[in-house]
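A.B. asks: Sharing a structure here in structure tokens format.
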Ligand code: ADP
Ligand code: GLC
């Protein structure tokens, strides 16, 4: 099958979160399964310098965007065993310091930037000699693609391929003032409550457009697929999602074990595996050294890596740590995002010197070292569509402590669910107390080496490889083709 993927982030070219990991890995998994996959993504600043093999594809875009026309060039990269990558070069839009924002402020022209991107995707789907049989778009940034394709069909595109929309996070919908609708150049009938307009008019909602017009919708875990049809987690789109429930499925993300492993990983201080765990101690020691915590093998080390956003449960995490740091534990965190949360973490570090290490900014290398060096990994998310860090933690023998929501609930097994297969700790209520109790459970497990080893072993043996995930996507694609 020929599949065209479209995403505003693709690892290793650009990344702010799990979306990039997922799309990069899906492309690779499709190729490995014997299909042809290509990924379209913007050419952001610095990509060409980091990947000098990128070549011009001799393709010029000149597309309407509202009353203007916007030009762009196409670049491409081929790598053995990987999906071909098409990059949209539009320097005014994408040659910037950030992907979506700078100095904590979203770019004012994000509607232009990503509506234009979506138009380029549609143009490639229609005119590339390599004819996609399936167009699979990700999140709001490419959410208008299905609507734009429908319009092209009305305007003479004989037989456009079916579309699939994956929702990685319903909290980000690409909602813009009504004036942005003009940028789509879609006829007015698309801008209705059952189209790309918000239910109460007044706004353009890019993700909603995808939900309404895509032939199939997936989200990144079965539980999140159920949750988003409820008022509590539907972010205002639960009604539309319920109406479209027939085409919605939840598919748990896989892990790209070629990137995220402990045996052949340039980021780690020492390799280790389920049968040879000694190396994990070295990673703990070197992590403590690197983040300037006292080097102490016996002190349980908790870690977290995340975008500092409300979604991630930062408030209850700060509260629970405040309480638990009076015991003999250490905590290391890596994150970037809200300045208020950064400040709160700095305060915490100042109050518990020698126990708390906080690092801000984006650091791929340190993220692997935290996964490998910690004993426990905290993910107390308010909601979590899938979550990848708990999956990485399992493979790295770092026991995840998670709130039972979305993909966290689908991927971690706790003692109560199945004592023999337990690989993590779950708590339910979104409260400081419930998380603190989870941390206390972790300390109890840590005190029982046999049990601790068993949790670790169960986690490291769990298989979240892409083989299974990719088949579910293929089934979804085939379903839409029928
Ligand atoms: P989300 O996509 O909601 O941020 P996920 O758990 O799916 O959550 O994926 C987050 C990804 O981003 C992981 O690969 C994680 O390691 C990475 N990540 C998040 N914050 C940072 C950071 N500050 N530095 C390096 N990697 C980070
Ligand atoms: C989103 C979600 C996260 C998910 C990731 C990849 O960023 O917040 O839970 O793992 O997408 O699908």
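In our numbering, the protein residues as written are 376 to 857.
All C-beta atoms, glycine included, are put in the ideal place defined by N, C-alpha and C.
Count the CB pairs spanning the region 483-497 and the region 432-445 that are closer than 8 Å, and state whether there are at least three.
C.D. replies: Taking 8 Å as the limit for Cβ pairs, the verdict is that the region 432-445 does touch the region 483-497.
A.B. asks: So residue 841 is in the alpha helix (DSSP H); what residue range does that whole segment cover?
C.D. replies: Segment 841-856, the alpha helix (DSSP H) holding residue 841.
A.B. asks: Tell me the rounded alpha-carbon separation between residue 647 and residue 722.
C.D. replies: The straight-line gap from Cα to Cα measures roughly 35 Å.
A.B. asks: Short of 6 Å in beta carbon distance, which residues of its chain neighbour residue 411, apart from the five on each side in sequence? Order them along the chain.
C.D. replies: The answer, listed in chain order, is 377.
A.B. asks: Please report the distance separating the alpha-carbon of residue 623 from that of residue 380.
C.D. replies: Straight-line Cα distance between these residues: approximately 18 Å.
A.B. asks: At a threshold of 6 Å, does residue 397 count as lining ligand 2 (C-beta to nearest heavy atom)?
C.D. replies: Yes, ligand 2 has a heavy atom inside 6 Å of this Cβ.
A.B. asks: State the beta-bridge partners of residue 381 as determined by DSSP.
C.D. replies: Its beta-bridge partners are 415, 512.
A.B. asks: Classify residue 437 as buried or exposed, calling it buried when 16 or more other Cβ atoms lie within 10 Å of its own Cβ.
C.D. replies: With fewer than 16 Cβ atoms within 10 Å of its Cβ, residue 437 is classed as exposed.
A.B. asks: Which same chain residues, not among the five before or five after residue 385, have their C-beta less than 6 Å away from its C-beta?
C.D. replies: For residue 385, where only same-chain residues beyond five positions count, the Cβ hits under 6 Å are 395, 398, 399, 414, 416.
A.B. asks: Following a CB-centred definition, is residue 764 positioned closer than 6 Å to any heavy atom of ligand 2?
C.D. replies: No.
A.B. asks: Following a CB-centred definition, is residue 403 positioned closer than 6 Å to any heavy atom of ligand 1?
C.D. replies: Checking the Cβ of residue 403 against ligand 1 gives no.
A.B. asks: Would you kindly work out how many angstroms separate the C-alpha atoms of residue 428 and residue 644, rounded to a whole number?
C.D. replies: About 30 Å.
A.B. asks: Quick one, are the C-beta atoms of residue 779 and residue 803 less than 7 Å apart?
C.D. replies: Going by C-beta atoms, residue 779 is nearer than 7 Å to residue 803.
A.B. asks: Output the distance between the C-alpha atoms of residue 554 and residue 848, rounded to the nearest integer angstrom.
C.D. replies: One C-alpha to the other measures close to 35 Å.
A.B. asks: Check whether the Cβ of residue 710 lies closer than 7 Å to any Cβ atom in chain B.
C.D. replies: Absence of chain B from the displayed structure is noted, only one protein chain being present.
A.B. asks: Could you name the residues of the same chain whose beta carbon sits closer than 7 Å to that of residue 431, not counting the 5 residues immediately before and after it, in chain order?
C.D. replies: Only 448, 450 meet the Cβ criterion.
A.B. asks: Is residue 543 near ligand 2, with its Cβ less than 6 Å from a heavy atom?
C.D. replies: It does: the Cβ of residue 543 is within 6 Å (strictly closer) of some heavy atom of ligand 2.
A.B. asks: Within a Cβ cutoff of 7 Å, which residues of the same chain sit near residue 696, ignoring the five residues on either side of it in sequence?
C.D. replies: Result list for residue 696: 706, 723, in chain order.
A.B. asks: When every heavy atom of ligand 1 is checked, does at least one fall within less than 6 Å of the C-beta of residue 737?
C.D. replies: The answer is yes for residue 737.
A.B. asks: Would you check whether ligand 2 has a heavy atom nearer than 6 Å to the C-beta of residue 539?
C.D. replies: Checking the Cβ of residue 539 against ligand 2 gives no.
A.B. asks: Compute the Euclidean distance between the alpha carbons of residue 796 and residue 708, then round it to the nearest angstrom.
C.D. replies: One C-alpha to the other measures close to 28 Å.
A.B. asks: Would you say the beta carbon of residue 769 is closer than 6 Å to some non-hydrogen atom of ligand 1?
C.D. replies: Checking every heavy atom of ligand 1 against the Cβ of residue 769, none is found closer than 6 Å.
A.B. asks: Can you have a look at residue 479 and say buried or exposed, based on whether 16 or more other CB atoms are within 10 angstroms of its CB?
C.D. replies: Counting Cβ neighbours within 10 Å, residue 479 comes out exposed, since fewer than 16 surround it.
A.B. asks: Can you tell me which residues form a DSSP beta bridge with residue 801?
C.D. replies: In the DSSP output, where bridge partners are listed per residue, residue 801 has 777.
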